[in-house]
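Asks: Take a look at this one; I'll ask things after.
Residue numbers (our numbering), protein chains in the order written: chain A, 789 to 1052; chain B, 789 to 1052.
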């Protein structure tokens, strides 16, 4: 298998070929830096309109970078040559809300009525924060008590990624910079104390923990962004007959640069 | 009927009440300045996903501010008390792509499977340009040859609004300011000569003419924004069994301030 320094230099299409051949089944955090990576949620066509509506109404948690037409596995806007059935390193397949498989390829589950929703990932603006020398650390992804606007069978609380900023200067810069990354969650949804949005233990992220669990300094400012896990969790809670997602951290690497998709 | 200076001071909910009672059937250009106004396109649920996809894929022409659930006439995000069947001053009703009625109320056409799409209007950023003392004039809305990304039965060229800027300074400021108004078409889609996007006569806008037809000065810079008429024209071309839109210029006045919906 290629190592981290190889995949950090690859073009997205070459990396996806490697994934397609089964030669990379790991997380994609260090892969093709600068390119948009996307969370995946695949749902049947008969709920696709309502799911789309749910994403639109809760944009900062469910910001979309592409949606496929029923049965079509190719995300035409962000990676026309990619195949959603084979090009993510690891998937999760749910039936009636229960996990039934965790394969590296979902061709055998694919159907003519499946619609793929690709949700931007905050790694895009994280790269921009680092490039701008903003001082911060990421504590992971948490379930919060922030309510979402329901649509059809879809409802539930928002998942958020949490970051600690060294100073108020860094926090202000982070608001400015992340705001531009509209397809990758955009501006923070909350600034303040974690317990105010239902997070009890910042050192043990329930959805996607990070390694950095050094104690929070009193001067550090906490900010929270909507997280792309949200729509998956929501689709899961709706107990759809079938729902396919990526496994946490094993994303689709698209052909679009994060900077290319900013608004301003 | 109330006059222009009355409606310029009204709150959106009061103006909509007046429309609902049939006391205002005129255009909404001078109504409730600062509030988001929206173009309307109502389509049946069986094509709503594809229409939504079309709008998403062609965002700068079809930027959405709200979408209703099937049969529900209330736009929950931007004006929960509004009723899409009665609160626009004038409608157009099409069957199989043919205009069949131009009523001031569409209650008799409403069905349980109709979905309303509300598309932001460039009047929002126009107000911001004026507030920032940007020097420009608006020449109207034109059909162009800029192709759109198709989705399902929806395809066709982009409609654009055209503005002439006094200097390159004004044009640069207009790019900066309009970019923030993501739900109201955002940044321009083209900067350059009208004939390069298929516009032959800038003094006779084919879709929505303006009064200002003074000759263009050589120093004036032309810029073009995606126009909210686009999705209506597209829905019309798809010859849907039923499609309801507002009549040009007779928009829904929402409760949201344009500045409230900016991204940055």
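Even for Gly, the Cβ is constructed at its ideal location relative to N, Cα and C. Just so it is clear, the structure is predicted and the values come from calculations on it, not from any experiment.
Output yes or no for whether 7 Å exceeds the beta carbon distance between residue 933(A) and residue 986(A).
Replies: Counting from 1 along the first chain, the entry for residue 933(A) is found at position 145. Counting from 1 along the first chain, the entry for residue 986(A) is found at position 198. Against a cut-off of 7 Å, the Cβ pair of residue 986(A) and residue 933(A) comes out as a contact.
Asks: Counting only C-beta atoms, is residue 1033(A) closer than 7 Å to chain B at any point?
Replies: Along the first chain, read from residue 1 onward, the residue named residue 1033(A) stands at position 245. By this cut-off, residue 1033(A) is not an interface position.
Asks: Within the continuous alpha helix (DSSP H) that includes residue 813(A), where are the two ends?
Replies: Counting from 1 along the first chain, the entry for residue 813(A) is found at position 25. Neither: residue 813(A) is in no alpha helix (DSSP H) and is coded neither H nor E.
Asks: Can you tell me where the beta strand (DSSP E) with residue 823(A) in it begins and where it stops?
Replies: Residue numbering aside, residue 823(A) sits at position 35 when the first chain is read from its first letter. That run of the beta strand (DSSP E) goes 823-832.
Asks: Could you tell me the distance, in whole angstroms, from the CA atom of residue 836(A) to the CA atom of residue 1043(B)?
Replies: Position 48 of the first chain, counted from the first residue, corresponds to residue 836(A). Position 255 of the second chain, counted from the first residue, corresponds to residue 1043(B). Distance between the alpha carbons of residue 836(A) and residue 1043(B): 28 Å.
Asks: What does the Cβ neighbour count give for residue 980(B), buried or exposed, with the cut at 16 atoms within 10 Å?
Replies: As a first step, residue 980(B) must be located in the second chain, where it is residue number 192. Exposed.
Asks: Please list, in chain order, the chain B residues whose beta carbon lies closer than 7 Å to that of residue 974(A).
Replies: Looking up residue 974(A) in the first chain gives position 186. By Cβ distance, chain B contributes 1051.
Asks: Would you mind stating whether residue 960(A) and residue 1051(B) have Cβ atoms separated by less than 7 Å?
Replies: If you number the first chain from 1, residue 960(A) lands on position 172. If you number the second chain from 1, residue 1051(B) lands on position 263. Cβ atoms of residue 960(A) and residue 1051(B): not closer than 7 Å.
Asks: Over the uninterrupted alpha helix (DSSP H) stretch that includes residue 793(B), give me the two end residues.
Replies: Translated into positions along the second chain, residue 793(B) becomes position 5. DSSP places residue 793(B) in the uninterrupted alpha helix (DSSP H) bounded by 792-795.
Asks: Assign residue 948(B) to one of three DSSP states: helix, strand, or coil.
Replies: As a first step, residue 948(B) must be located in the second chain, where it is residue number 160. It is a strand residue.
Asks: Of all the options 1041(B), 1005(B), 1018(B) and 1034(B), which has the alpha carbon lying nearest to the alpha carbon of residue 839(B)?
Replies: Against the second chain, residue 839(B) aligns to sequence position 51. When each option's Cα is compared against that of residue 839(B), the closest is 1018(B).
Asks: For a contact defined as C-beta to C-beta under 7 Å, what are the partners of residue 855(B) on chain A?
Replies: Numbered from its first residue, the second chain carries residue 855(B) at position 67. Close partners of residue 855(B) in chain A (Cβ separation under 7 Å): 841 and 844.
Asks: My parser needs the beta strand (DSSP E) runs of 3 or more residues fully inside the segment 886-916 of chain A; what are they?
Replies: The segment 886-916 of chain A contains these whole beta strand (DSSP E) runs: 886-889 and 902-908.
Asks: With a threshold of 7 Å on Cβ separation, who are the neighbours of residue 843(B) within its own chain once the five nearest residues in sequence on each side are excluded?
Replies: Looking up residue 843(B) in the second chain gives position 55. Only 850, 852, 905 and 1019 meet the Cβ criterion.
Asks: How would you write the range of the beta strand (DSSP E) that residue 846(A) sits in, first residue to last?
Replies: Here the question's residue 846(A) lines up with position 58 in the first chain. No beta strand (DSSP E) contains residue 846(A), which DSSP labels as neither H nor E.
Asks: Compile a chain-ordered list of the residues in the segment 953-979 of chain A whose CB is closer than 7 Å to at least one CB of chain B.
Replies: 967, 968, 970 and 974
Asks: For a contact defined as C-beta to C-beta under 9 Å, what are the partners of residue 852(B) on chain A?
Replies: As a first step, residue 852(B) must be located in the second chain, where it is residue number 64. Within 9 Å Cβ-Cβ: 844.
Asks: Whose Cβ in chain A lies nearer than 8 Å to the Cβ of residue 836(B)?
Replies: For the purposes of this step, residue 836(B) is taken as residue 48 along the second chain, with counting starting at 1. The answer, in chain order, is 837.
Asks: Within a Cβ cutoff of 6 Å, which residues of the same chain sit near residue 898(A), ignoring the five residues on either side of it in sequence?
Replies: Along the first chain, read from residue 1 onward, the residue named residue 898(A) stands at position 110. Contacts found: 873.
Asks: Can you tell which of 880(A), 832(A), 1035(A) and 831(A) has its C-alpha closest to the C-alpha of residue 996(A)?
Replies: Numbered from 1 along the first chain, position 208 holds the residue referred to as residue 996(A). Nearest C-alpha to residue 996(A): 1035(A).
Asks: How far does the beta strand (DSSP E) with residue 921(B) in it reach, from first residue to last?
Replies: Residue numbering aside, residue 921(B) sits at position 133 when the second chain is read from its first letter. First-last for residue 921(B): undefined, no H or E at that position.
Asks: Evaluate residue 786(A) with the Cβ neighbour count: other Cβ atoms within 10 Å of its Cβ, from every protein chain shown; 16 or more gives buried, anything less gives exposed.
Replies: Shown here, chain A extends from 789 to 1052; a query on residue 786(A) therefore has no answer.
Asks: By how many angstroms is the C-alpha of residue 812(B) removed from the C-alpha of residue 806(B)?
Replies: Indexing the second chain from 1 puts residue 806(B) at position 18. Indexing the second chain from 1 puts residue 812(B) at position 24. Going from the Cα of residue 806(B) to the Cα of residue 812(B) covers about 6 Å.
Asks: Along the chain, where does the beta strand (DSSP E) that runs through residue 1033(A) open and close?
Replies: As a first step, residue 1033(A) must be located in the first chain, where it is residue number 245. Element bounds for residue 1033(A): 1031-1034.
Asks: Measure the C-alpha to C-alpha separation of residue 1040(A) and residue 827(A) and round it to an integer number of angstroms.
Replies: The residue given as residue 1040(A) occupies position 252 in the first chain. The residue given as residue 827(A) occupies position 39 in the first chain. Residue 1040(A) and residue 827(A): Cα-Cα distance of roughly 7 Å.
Asks: Can you give the Cα-Cα distance for residue 992(B) and residue 949(B), rounded to whole angstroms?
Replies: Within the second chain, numbered from 1, the residue matching residue 992(B) stands at position 204. Within the second chain, numbered from 1, the residue matching residue 949(B) stands at position 161. Their Cα atoms are separated by approximately 12 Å.
Asks: DSSP beta-bridge partners for residue 879(B)?
Replies: For the purposes of this step, residue 879(B) is taken as the residue at position 91 of the second chain. Answer is 1034(B).
Asks: Whose C-alpha, out of 951(A), 876(A), 1045(A) and 988(A), is nearest the C-alpha of residue 1015(A)?
Replies: As a working mapping, residue 1015(A) is identified with position 227 in the first chain. Ranking 951(A), 876(A), 1045(A) and 988(A) by Cα distance to residue 1015(A) puts 951(A) first.
Asks: DSSP has residue 939(B) in a bridge; who is on the other side?
Replies: Within the second chain, residue 939(B) is the residue found at index 151, counting from 1. According to DSSP, which records beta bridges pairwise, residue 939(B) is partnered with 942(B).
Asks: Around the Cβ of residue 1005(B), are there at least 16 other Cβ atoms within 10 angstroms (buried) or fewer (exposed)?
Replies: The residue given as residue 1005(B) occupies position 217 in the second chain. Under this definition residue 1005(B) is an exposed residue.
Asks: With a cut-off of 8 Å on the beta carbons, I'd call residue 901(B) and residue 832(B) a contact; round off their distance for me.
Replies: Counted from its first residue, the second chain places residue 901(B) at position 113. Counted from its first residue, the second chain places residue 832(B) at position 44. Residue 901(B) to residue 832(B), Cβ: 5 Å. Contact.
Asks: Give the straight-line distance between the Cα atoms of residue 1025(B) and residue 1013(A), rounded to the nearest whole angstrom.
Replies: Residue 1025(B) sits at position 237 when you count from the first residue of the second chain. Residue 1013(A) sits at position 225 when you count from the first residue of the first chain. The alpha-carbon atoms of residue 1025(B) and residue 1013(A) are separated by roughly 40 Å.
Asks: Find out if the Cβ-Cβ distance for the pair residue 861(B), residue 871(B) is shorter than 7 Å.
Replies: By 1-based counting over the second chain, the position of residue 861(B) is 73. By 1-based counting over the second chain, the position of residue 871(B) is 83. Going by C-beta atoms, residue 861(B) is nearer than 7 Å to residue 871(B).
Asks: Would residue 1053(A) and residue 854(A) be called neighbours here (beta carbons separated by less than 7 Å)?
Replies: In this structure chain A extends from 789 to 1052, so residue 1053(A) is not present and cannot be described.
Asks: Just the chain B side, please: which residues come within less than 8 Å of residue 865(A) by C-beta, in chain order?
Replies: As a first step, residue 865(A) is located in the first chain; it is residue number 77 there, counting from the start. Correct list: 845 and 937.
Asks: Count the other CB atoms, across all protein chains shown, that sit within 10 Å of the CB of residue 919(B); report buried if there are 16 or more and exposed otherwise.
Replies: The sequence position of residue 919(B) within the second chain is 131, counting from 1. When all chains shown are included, residue 919(B) counts as exposed.
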